Amino acid sequence: MSVGFIGAGQLAHALVKGFASAGVIATQRIIASSPDTDLPTVAGLRKMGAILTTSNKEVVNKSDVLFLAVKPHIIPFVLDEIGPDIEDRHLIVSCADNRQGRGTQIQTHCGELMLVV
């Protein structure tokens, strides 16, 4: 199993740190994307052993579990980009506030049968 994060900010950093300390998954099996490779959180993820990229599509293609760890207003743009690459094998975890129907929005972009948590 491999885990991907779209977004490599504080939330992704905290989750990866928690996964690593709990022994849930080896950090070498985690990939995260960020357009800004100079962020302290990106450096922290690299130091933990996670793979970093600027490509959201690369994260999708190399992950089984996909965390959408971006701000809520960014989700539609990310979904437009990665929607065609989502497959049945993916489990999508949205870290965004769902009060504005983000889960439904994700299913619209990625398919009605997609499991979104």
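Per the working numbering: the sequence shown = residues 2 to 118. Note that the Cβ used here is the ideal one computed from N, Cα and C, for glycine as well. Keep in mind it's a predicted model, so treat the numbers as computed, not measured.
- If you look at Leu12, you'll find it in the alpha helix (DSSP H) that goes 11–23.
- Taking one beta carbon from each stretch, the stretch 57–70 and the stretch 82–99 have 3 or more pairs nearer than 8 Å; the two touch.
- Just so you know, the alpha carbons of Thr55 and Gly24 end up roughly 26 Å apart.
- Taking Gly10 as the centre and dropping the five residues before and after it, the same chain places the C-beta of Thr42 closer than 6 Å to its C-beta, in chain order.
- Going by C-alpha positions, Phe6 is about 16 Å away from Lys48.
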